[in-house]
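S.K.: Just so it is clear: in the sequence shown, position 234 is 234 by UniProt numbering, and no numbers are missing.
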Amino acid sequence: MEKSGRGKKMRIGITCYPSHGGSGVVATELGKLMAERGHQVHFVTYDMPFRLGSFNHNIHYHEVEANRYAVFRYPPYDLALASRMAQVAKLHSLDVIHVHYAVPHAICAYLAKEMSDNSFKVVTTLHGTDITVLGEDPSLRDIICFGIRQSDAVTAVSDDLIRQTKELLCMDKPIERVYNFVDQRIYSPQDVKDIRLQYAQPDEKILLHISNFRAVKRVPDVIRILDRVHRHTPTKLLLVGEGPYLSQATDMAEERGLMDRVVFLGKQDKVAKLISLADVFLLPSSKESFGLVALEAMACGVPTVGSNAGGIPEVVADGKTGFLSNVGDVDAMADHAIRLLTDPDLYRNFSENGRARAQEHFCAEKIADQYEALYKRVIAGEKRTEI
Numbered sequence: 001m002e003k004s005g006r007g008k009k010m011r012i013g014i015t016c017y018p019s020h021g022g023s024g025v026v027a028t029e030l031g032k033l034m035a036e037r038g039h040q041v042h043f044v045t046y047d048m049p050f051r052l053g054s055f056n057h058n059i060h061y062h063e064v065e066a067n068r069y070a071v072f073r074y075p076p077y078d079l080a081l082a083s084r085m086a087q088v089a090k091l092h093s094l095d096v097i098h099v100h101y102a103v104p105h106a107i108c109a110y111l112a113k114e115m116s117d118n119s120f121k122v123v124t125t126l127h128g129t130d131i132t133v134l135g136e137d138p139s140l141r142d143i144i145c146f147g148i149r150q151s152d153a154v155t156a157v158s159d160d161l162i163r164q165t166k167e168l169l170c171m172d173k174p175i176e177r178v179y180n181f182v183d184q185r186i187y188s189p190q191d192v193k194d195i196r197l198q199y200a201q202p203d204e205k206i207l208l209h210i211s212n213f214r215a216v217k218r219v220p221d222v223i224r225i226l227d228r229v230h231r232h233t234p235t236k237l238l239l240v241g242e243g244p245y246l247s248q249a250t251d252m253a254e255e256r257g258l259m260d261r262v263v264f265l266g267k268q269d270k271v272a273k274l275i276s277l278a279d280v281f282l283l284p285s286s287k288e289s290f291g292l293v294a295l296e297a298m299a300c301g302v303p304t305v306g307s308n309a310g311g312i313p314e315v316v317a318d319g320k321t322g323f324l325s326n327v328g329d330v331d332a333m334a335d336h337a338i339r340l341l342t343d344p345d346l347y348r349n350f351s352e353n354g355r356a357r358a359q360e361h362f363c364a365e366k367i368a369d370q371y372e373a374l375y376k377r378v379i380a381g382e383k384r385t386e387i
């Protein structure tokens, strides 16, 4: 439903990676919220964001196509994106372009802004990989710093990511923490009794892991946790997503005689019902700038058992909405999962605490208010002085 009474409507551009991943999810959901508030939103990227969903007359999509001229060894997507941003900015008189990731998107926005005679402002959101992985590459460090410094405002999804940005890049640019969010119209406990029977017997518990199955997700730890938990209580594990370490998870499950305990569900666009199927969500990552899926689980009343890496402790309240242990401490994680699965009163408290925390600290409307205020501030030329 379109909302009114929030003052002058803005024309907002958004560039993100449109495929599966936390940054694309947050960028798309934010654009939808801004459109609901009556702002005109323009997505500029190489593909339709997968979370856009139903039609909204305030949302527009502008495809970027890289030139495949034979002289280019690789299609110059960055230049095509910058050019498309400038075109859209001029044609639709954009007030601000919000880019997600410093490279290449902030650099492209800077080029587009120069081509457009500084006709719009640039807001850059750091999600993690652009800092924690790319920021450690000496060949990219200077250009990441340049993109951040040339932005009119910069946000990061956790205090831990702000700390890492300053440590790795020695940044003097003010960075504002704006958490990721969850739309509780979508993420809340759902009635899945009939569906649950397709995956587990009434006496079995369900563990869940959702990721892109990269090394930092420590998928082998997920299998190890299942192995230990299943020895104490009948358990199934649902694995959602795809990636390079999925085959390793399959091999480990087969070696340990757990293949009948694991259900591989591949990529899934709508995961709220899948989360509601679970009793415990597993997130043993070695790096996690925020942990959006842990927040989604929390909003659905599902406690997280995982690591205390990165921004996860800012999302999961250890001992209240989930349990966190040191990276790689599989025994502790398994013990925590068993405790939750075998203590109904404790589980109920964690579930209720998690839903309350999601609503209080990470609700969509609250975070949308922060971004809306940020857009208005940069458009008006106001600057933050704190770092």
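Think of the CB as a built atom: it goes at the ideal place given N, C-alpha and C, for glycine as much as any other residue.
1) Taking the alpha-carbon positions, what's the M171 to R377 distance?
2) For A373, does the three-state DSSP call read helix, strand or coil?
3) From which residue to which residue does the beta strand (DSSP E) around Q40 run?
4) As a quick exercise: from A373, F323, R177, pick the residue whose alpha carbon is nearest that of H127.
5) What are the uninterrupted segments assigned as alpha helix (DSSP H) that are 4 or more residues long and contained completely in the region 281-361, given in chain order?
6) Tell me the DSSP secondary structure of Y110 in three-state form.
7) Under the three-state reduction of DSSP, which class applies to I233: helix, strand or coil?
8) Here's the rule I'm using: 16 or more other beta-carbon atoms within 10 Å means buried, otherwise exposed. How should V154 be labelled?
9) Output the distance between the C-alpha atoms of S286 and A332, rounded to the nearest integer angstrom.
10) Please report how far the alpha carbon of D194 lies from the alpha carbon of P202, in whole angstroms.
11) Could you give the DSSP three-state label for G13: helix, strand or coil?
12) Is P75 buried or exposed, if buried means 16 or more other CB atoms sit within 10 Å of its CB?
13) By Cβ distance, which residues of its chain are closer than 7 Å to I367, with the 5 residues on each side in sequence left out?
14) One question on the structure: do residue 391 and A82 come within less than 8 Å of each other, judged by their Cβ atoms?
15) Check whether the region 139-150 touches the region 102-119, taking contact to mean three or more Cβ pairs, one atom from each stretch, closer than 8 Å.
16) Span of the beta strand (DSSP E) holding A167?
17) Which residues mark the beginning and the end of the alpha helix (DSSP H) in which A249 is found?
18) From S139 to H62, what distance separates their C-alpha atoms?
19) Can you tell me where the alpha helix (DSSP H) with residue 431 in it begins and where it stops?
20) Given this structure, state the Cα-to-Cα distance separating S351 from V316, to the nearest angstrom.
21) Please report how far the alpha carbon of T125 lies from the alpha carbon of L208, in whole angstroms.
22) What is the DSSP secondary structure of A66, reduced to helix, strand or coil?
23) Measure the alpha-carbon distance for N349 versus K320 and round it to whole angstroms.
M.R.: With the given structure in hand:
1) For M171 and R377, the distance between alpha carbons rounds to 22 Å.
2) If DSSP states are grouped into helix, strand and coil, A373 belongs with the helices.
3) Note, Q40: beta strand (DSSP E), 40-45.
4) The option with the nearest alpha carbon to H127 is R177.
5) Qualifying alpha helix (DSSP H) stretches, in chain order: 292-299, 312-315, 330-342.
6) Here Y110 sits in helix by DSSP.
7) Inspection of the sequence shows that residue 233 is occupied by Thr rather than by Ile. Here T233 carries a coil assignment [DSSP, helix/strand/coil].
8) By the neighbour-count definition (other C-beta atoms within 10 Å, threshold 16), V154 is a buried residue.
9) In a straight line, the C-alpha of S286 is about 15 Å away from that of A332.
10) For D194 and P202, the distance between alpha carbons rounds to 11 Å.
11) Judged by DSSP in its simplified three-state form, G13 adopts strand.
12) Exposed, by the Cβ-count rule.
13) Cβ within range, chain order: V178, Y179, F181.
14) With the chain represented from 1 up to 387, any question about residue 391 goes unanswered, as that position is not in the structure.
15) The region 139-150, when compared against the region 102-119, does touch it at the 8 Å Cβ threshold.
16) Per the sequence presented here, residue 167 reads as Glu, with Ala not at that position. Segment 159-169 is the alpha helix (DSSP H) holding E167; no beta strand (DSSP E) there.
17) Element bounds for A249: 246-255.
18) Inter-residue distance for S139 and H62 is about 31 Å (C-alpha atoms, whole angstroms).
19) Since the first and last residues shown for the chain are 1 and 387, residue 431 lies out of range.
20) Between S351 and V316, the C-alpha separation is close to 12 Å.
21) For the pair T125 and L208, the Cα-to-Cα distance works out to about 29 Å.
22) Taken through DSSP and simplified to helix, strand or coil, A66 comes out as coil.
23) Their Cα atoms are separated by approximately 8 Å.
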